[in-house]
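This report refers to the structure that appears directly beneath it.
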Amino acid sequence: MSLNKYIRIVQDFPKKGIIFKDITPLLINPLAREECLEILLSHLKEVHIDKVIGVESRGFFFGILLAEKLHAGFVPVRKPNKLPFDTISASYDLEYGSDALEIHTDAIQKGDKVLIHDDVLATGGTAKAVCELVEQLGGEIVQVNFLMELSFLNGREKIKNYNLFAALTY
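In structure tokens:
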């Protein structure tokens, strides 16, 4: 099954000049969704994972499914002021400014084996920030995986010290 046919291309979203890769058709189709999940899991055979991090918000979709299949805890990483308990944060740069992500201080224990999942690897700023949060809490990053990588944006360079996998590459 070619997952590419389940990624809808939307011109000029969220702003003019952007070509957005919409994963909604993939999420709607149960066979495509299951195939994608199996591809994401295929590089984690016989690897122990304690926690799966899903990055807000589209990283939640497959993040929770990965956690379920791996019998691991699920940890949401969110934009500032969205988590109700004590948090730590990491900032990252965007083409038009900066942003930050937060995680609960008790979400990762020292030595936890962690899988980080997000939908897209673009410039790598978000992924790098999440890696910093995990390591600050004492977690060990087993893999950073993505539904798709936009390789022309060179985001891989910012997280080159980690095991990285993407189900699709553009």
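According to our numbering, numbering within the sequence shown proceeds without interruption in unit steps and concludes at 199. Just so you know, even glycine gets a beta-carbon here, dropped at the ideal spot from N, CA and C. Quantities reported herein were computed from a predicted structural model and do not represent experimental measurements.
- In terms of CA proximity to Val84, Asn174 leads the group Leu69, Asn174 and Phe194.
- Nearest neighbour of Leu55 by Cα position, chosen from Ser71, Leu73 and Phe91, turns out to be Phe91.
- According to the DSSP secondary-structure assignment, Pro59 is paired through a beta bridge with no residue.
- Taking 8 Å as the cut-off, the Cβ atoms of Leu144 and Leu95 count as close.
- Residue environment for Ile137: buried (at least 16 other C-beta atoms within 10 angstroms of its C-beta).
- At the C-beta level, His133 and Thr155 stay beyond 8 Å of one another.
- Annotation for Pro109: Ser118, Ala129 and Glu131 place their beta carbon closer than 7 Å to its own, counting only its chain and skipping 5 residues before and after.
- If one requires a minimum length of 3 residues, the beta strand (DSSP E) runs lying completely within the region 103 to 185 are 116 to 123, 126 to 133, 142 to 150 and 169 to 178, in chain order.
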